Amino acid sequence: MAAVTAAMVGDLRRKTDAPMMECKKALTEADGDMDRAEEILRVKLGTKASKASSRITAEGVVASHIAGNVGALVEINCETDFVSKNQDFIAFADAIAKLVGQANPADLTALSNTDLNGKSVEATRTELIGKIGENLSIRRFTRFETEGKLTSYLHGSRIGVMVDYTGSDEQVGKDVAMHIAAMKPVALSSDQVPAELIERERSVATQKAAEDSAKAVAEGKSAQSAEIVTKRIEGSISKFLKEVSLLNQAFVKNDKQTVEQMLKATNSTVKAFTMYVVGEGIEKKQDDFAAEVAAQVAAAKQA
Numbered sequence: 100m101a102a103v104t105a106a107m108v109g110d111l112r113r114k115t116d117a118p119m120m121e122c123k124k125a126l127t128e129a130d131g132d133m134d135r136a137e138e139i140l141r142v143k144l145g146t147k148a149s150k151a152s153s154r155i156t157a158e159g160v161v162a163s164h165i166a167g168n169v170g171a172l173v174e175i176n177c178e179t180d181f182v183s184k185n186q187d188f189i190a191f192a193d194a195i196a197k198l199v200g201q202a203n204p205a206d207l208t209a210l211s212n213t214d215l216n217g218k219s220v221e222a223t224r225t226e227l228i229g230k231i232g233e234n235l236s237i238r239r240f241t242r243f244e245t246e247g248k249l250t251s252y253l254h255g256s257r258i259g260v261m262v263d264y265t266g267s268d269e270q271v272g273k274d275v276a277m278h279i280a281a282m283k284p285v286a287l288s289s290d291q292v293p294a295e296l297i298e299r300e301r302s303v304a305t306q307k308a309a310e311d312s313a314k315a316v317a318e319g320k321s322a323q324s325a326e327i328v329t330k331r332i333e334g335s336i337s338k339f340l341k342e343v344s345l346l347n348q349a350f351v352k353n354d355k356q357t358v359e360q361m362l363k364a365t366n367s368t369v370k371a372f373t374m375y376v377v378g379e380g381i382e383k384k385q386d387d388f389a390a391e392v393a394a395q396v397a398a399a400k401q402a
């Protein structure tokens with residue numbers, strides 16, 4: 100069997116950009132034949148992508164692109180924070196944001212089938228999985244096309260905001276985008292807050308009122324009337340709506356006025372916004388390092 104040297108591994112890595120250990124395995128399997136090793140890697144890249152597809156992608160980046168009155172915000176996920184800083188991964192995210200703006204795909208399926216530099220987005224994603232060695236996924240995107248103005252704000256690469264607004268002062272748009280990243284409103288106005296969130300808050304307020312009433316009775320005090328309880332619950336809902344709707348929030352740069360008051364003072368309006376937080380709502384895998392090491396030791400003993 101031909102000896103596999105570090106130089107050979109390095110040459111194959113430069114030629115294919117595959118992970119170092121994969122290059123070494125391929126060369127060993129190919130008995131040092133560089134061309135055969137490259138063929139083996141090409142086969143394994145697709146296999147690697149298939150195996151990786153079941154792994155959780157809770158890290159990643161938010162990328163944005165604006166061209167005139169068209170803009171896009173996308174979230175691209177990977178498995179580790181390390182890969183989220185990889186330049187090829189970042190370039191892929193930026194390319195997808197630009198493509199969403201240009202191609203206007205209807206959904207993620209349509210986006211996967213859209214051409215990106217001569218290949219489909221899905222083919223490009225699969226190749227990048229093989230190159231980087233981690234599962235990658237395009238989680239979501241929003242496309243804007245407006246008669247007004249667009250601005251975006253990226254807090255690092257993990258929080259991204261795009262705002263559709265009107266007004267002569269571009270700083271207002273930037274300030275609103277930064278405010279959204281900081282305060283994380285769920286809707287533009289209180290009447291746009293999702294009904295399920297309101298009902299969840301109502302349930303909490305109702306339970307709290309019931310507990311307070313039971314505590315009062317246990318202490319020998321009179322229970323509050325149904326009318327007072329109802330007012331307390333509705334008061335809690337009203338407070339909640341103000342806290343989660345953008346226009347009603349206190350403006351971060353001047354908490355003496357609401358965002359709505361600030362916009363009115365600057366003759367500006369906000370028509371819509373989108374905010375993405377990387378991994379939001381994705382259950383991350385909690386690795387047990389000790390168990391992992393123990394499993395590797397046991398496997399080594401059995402080999």
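Residue numbering for the sequence shown follows the working numbering, starting at 100 and increasing by one per position. The beta carbon of each residue, even a glycine, is placed where N, CA and C say it ideally should be. Model, not experiment: these values are computed from the prediction.
From what residue to what residue does the beta strand (DSSP E) around residue i run?
i	result
S183	No beta strand (DSSP E) contains S183, which is instead part of the alpha helix (DSSP H) from 180 to 183.
V262	258 to 265
G170	169 to 177
E158	158 to 166
What does the Cβ neighbour count give for residue i, buried or exposed, with the cut at 16 atoms within 10 Å?
i	result
R242	buried
G200	buried
K114	exposed
F181	exposed
A102	exposed
A171	buried
K230	buried
R299	exposed
D206	exposed
D274	buried
Measure the C-alpha to C-alpha separation of residue i and residue j and round it to an integer number of angstroms.
i	j	result
F240	S321	54 angstroms
P293	A106	59 angstroms
A371	Y264	7 angstroms
K352	Q291	24 angstroms
I175	L235	7 angstroms
R224	D354	44 angstroms
G255	A196	16 angstroms
A202	V173	14 angstroms
G319	Q348	40 angstroms
D187	I336	46 angstroms
T329	S344	23 angstroms
G378	M282	18 angstroms
D387	T179	Because the pLDDT of D387 is 46, which lies under 50, any placement of that residue in the model is unreliable, and the number read from its coordinates should be weighed accordingly. Looking at the two C-alpha atoms, the distance is approximately 16 angstroms.
A317	S324	16 angstroms
A192	D130	38 angstroms
Starting from residue i and walking both ways along the alpha helix (DSSP H), at which residues does that stretch end?
i	result
A196	186 to 202
V108	105 to 115
K123	119 to 128
T213	Looking at the DSSP string, T213 is not in any alpha helix (DSSP H), and its letter there is neither H nor E.
Excluding the 5 residues preceding and the 5 following residue i in the sequence, name in chain order all residues of the same chain whose CB lies nearer than 7 angstroms to its CB.
i	result
I165	L249, S251
Give every residue of the same chain whose Cβ lies closer than 6 angstroms to the Cβ of residue i, excluding the five residues on either side of it in the sequence, and list them in chain order.
i	result
N168	T245
Minimum length 4: unbroken alpha helix (DSSP H) runs contained in the region 335 to 392 = Here the runs fully enclosed are 358 to 364.
Segments of 4+ residues assigned as alpha helix (DSSP H) that fall wholly inside the region 216 to 294 | With a minimum length of 4 residues, the continuous alpha helix (DSSP H) runs that stay inside the region 216 to 294 are 220 to 231, 269 to 282.
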